[in-house]
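I have placed the structure first, in the form of structure tokens, so that the comments after it can refer back to it.
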Amino acid sequence: MDQHLHVFVTVAEKQNFSRAAEALHMTQPAVSQYIRTFEDNIGVRLLERTSKYVRLNKAGEMVYHHAKEIIGLYTRMQNLVDDLANKAGGPLSIGASYTFGEYVLPHIIAKMNEAYPDIRPTVSIGNTAEIADAVKRHQLDVGIVEGHFKDEELLQTEPFAEDDMVVVASPEHPLAASPRRVSMEKLQEQTWILRELGSGTREAADTVFQKYGISPTSVMNISSTQPIKEAVGAGLGISLLSQWAIQKELQYGDLQIIEVSGLPFRRQFSIVTASLFQTKALQVFIELLRNNKELTVFRAD
């Protein structure tokens, strides 16, 4: 903003050169020089000066009125720019696949809320295919998914964490008493309780089956991790689940990890976005994901 304008307004409001100089942290001669230069630029005298006071004349009142408006507009403009450049806030729509969304994301959002209370997140939980599709259609700002999905090349994808998948069973299951690692062939005979097709957890299980050449004879499909854990805990079968998802059940003895040759199976979680242009809120959220030390960080070479 033009310093001459600021000095003029201050002198007009203080009605005294000395008090204006004090408020502006300037010398009185410097203030007087600013006013003379400003009046010369305007082309008319703006202040009536006496030994006792300084007052606006008619031209000065007109200039003062517009000067205040100009200063107000400038201040508003600067505040808006500062908010845009320096403050993260506003709505942020986040999508996550079930495992991450149910067991990890709430802790990330709690940290974000503490550090950036002006960000207003909304969360959608779905399988990997659903979340990726919503990001592609710009219905979500960002997605956190596991495994691969349709039209992957249409989105920006950044692997950021790893997750170990383990076989779990009820502590009363016959496999839980095995003193040795269980073979894949032995697992083929068991009833498997798995997520639905399209979920990253199901993709991980299918990858394990394909890798070791097994085809379970009995499979029960359930579309959510929590009821799968309940079914496994009740002795209905075994499952392949994320270690993130079973911490409480392991702690309370409701589930037990079965030691299996070739496992755990490690999978990647990725951040997916649809645009190269990111809001400040989205940048903050992605940095929290990247820097969360509770996750096993994956870094592509």
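Under UniProt numbering, the residue at position 185 of the sequence shown is numbered 185, and the numbers go up by one with no gaps.
Glycine is no exception: its CB is placed at the ideal position from the N, C-alpha and C atoms.
*Jot down the residue ranges of each uninterrupted beta strand (DSSP E) in the segment 157 to 239, minimum 3 residues, whole runs only, in chain order.*
For the beta strand (DSSP E) assignment, the uninterrupted runs of no fewer than 3 residues enclosed by the segment 157 to 239 are, from N- to C-terminal side, 191 to 194, 218 to 221.
*asked:* DSSP three-state label for residue 122, please.
replied: Correct three-state label for residue 122: strand.
*From this set, 29, 11, 19, which residue's C-alpha is nearest residue 48's C-alpha?*
11
*Considering only residues of the same chain and omitting the five flanking positions on each side of residue 196, which have a CB-CB separation below 8 Å?*
127, 202, 221, 222, 223
_Identity of the residue in 68, 114, 104 nearest residue 123 by Cα_ = 104
*Buried/exposed call for residue 267, threshold 16 Cβ in 10 Å*: Taking all protein chains shown into account, residue 267 has 16 or more neighbouring C-beta atoms within 10 Å of its C-beta and is therefore buried.
*Using DSSP with H/G/I as helix, E/B as strand and the rest coil, what is residue 241?*
strand
*Between the C-alpha atoms of residue 191 and residue 218, what's the straight-line distance to the nearest angstrom?*
5 Å
*Among 258, 71, 264, nearest to residue 168 - alpha-carbon criterion*: 258
*From which residue to which residue does the alpha helix (DSSP H) around residue 284 run?*
For residue 284, the uninterrupted alpha helix (DSSP H) segment begins and ends at 280 to 291.
*Alpha carbon to alpha carbon, what distance is there between residue 116 and residue 176?*
45 Å
*Would you call the segment 90 to 97 and the segment 155 to 169 touching, i.e. three or more CB-CB distances under 8 Å?*
no
*For my contact list, residue 165 and residue 264 are in at a C-beta cut-off of 8 Å; report their separation, rounded to the angstrom.*
Contact between residue 165 and residue 264 holds, since their C-beta atoms are separated by about 6 Å, short of 8 Å.
*Going by alpha carbons, who is nearest to residue 172 out of 36, 161, 238?*
238
*In chain order, what residues of the same chain have a beta carbon less than 6 Å from the beta carbon of residue 63, not counting five sequence neighbours either side?*
46
*How many angstroms separate the CA atom of residue 288 from the CA atom of residue 109?*
9 Å
*Using the Cα positions of residue 216 and residue 248, report the straight-line distance between them to the nearest angstrom.*
28 Å
*Since residue 269 is in the beta strand (DSSP E), which residue starts that stretch and which ends it?*
265 to 273
*Would you check if the distance between the CB atom of residue 101 and the CB atom of residue 125 is smaller than 7 Å?*
yes
*Taking the alpha-carbon positions, what's the residue 162 to residue 207 distance?*
16 Å
_Helix, strand or coil for residue 45? Go by DSSP, reduced to three states._
coil
*Could you please give me the residues that DSSP links to residue 91 through a beta bridge?*
120
*Run through DSSP, which three-state label would residue 36 get?*
Assigned with DSSP and collapsed to three states, residue 36 falls in helix.
*asked:* I need the straight-line Cα distance from residue 261 to residue 236, nearest angstrom please.
replied: 22 Å
*Thinking C-alpha only, which one of 234, 292, 225 is nearest residue 99?*
225
*From residue 38 to residue 8, what does the alpha carbon distance come to, in whole angstroms?*
One C-alpha to the other measures close to 8 Å.
*Looking only at DSSP bridge pairs, what is residue 55 linked to?*
Residue pairing from DSSP places residue 55 in a beta bridge opposite 48.
_Anticipated Cβ contact below 8 Å, residue 144 with residue 269, distance rounded_ = 6 Å
*asked:* Using a 10 Å radius around the Cβ and a threshold of 16 neighbouring Cβ atoms, would you call residue 301 buried or exposed?
replied: Low local confidence applies: a pLDDT of 33 at residue 301 is under 50, so the model's placement there is unreliable, with the coordinate-based value given in what follows. That one is exposed.
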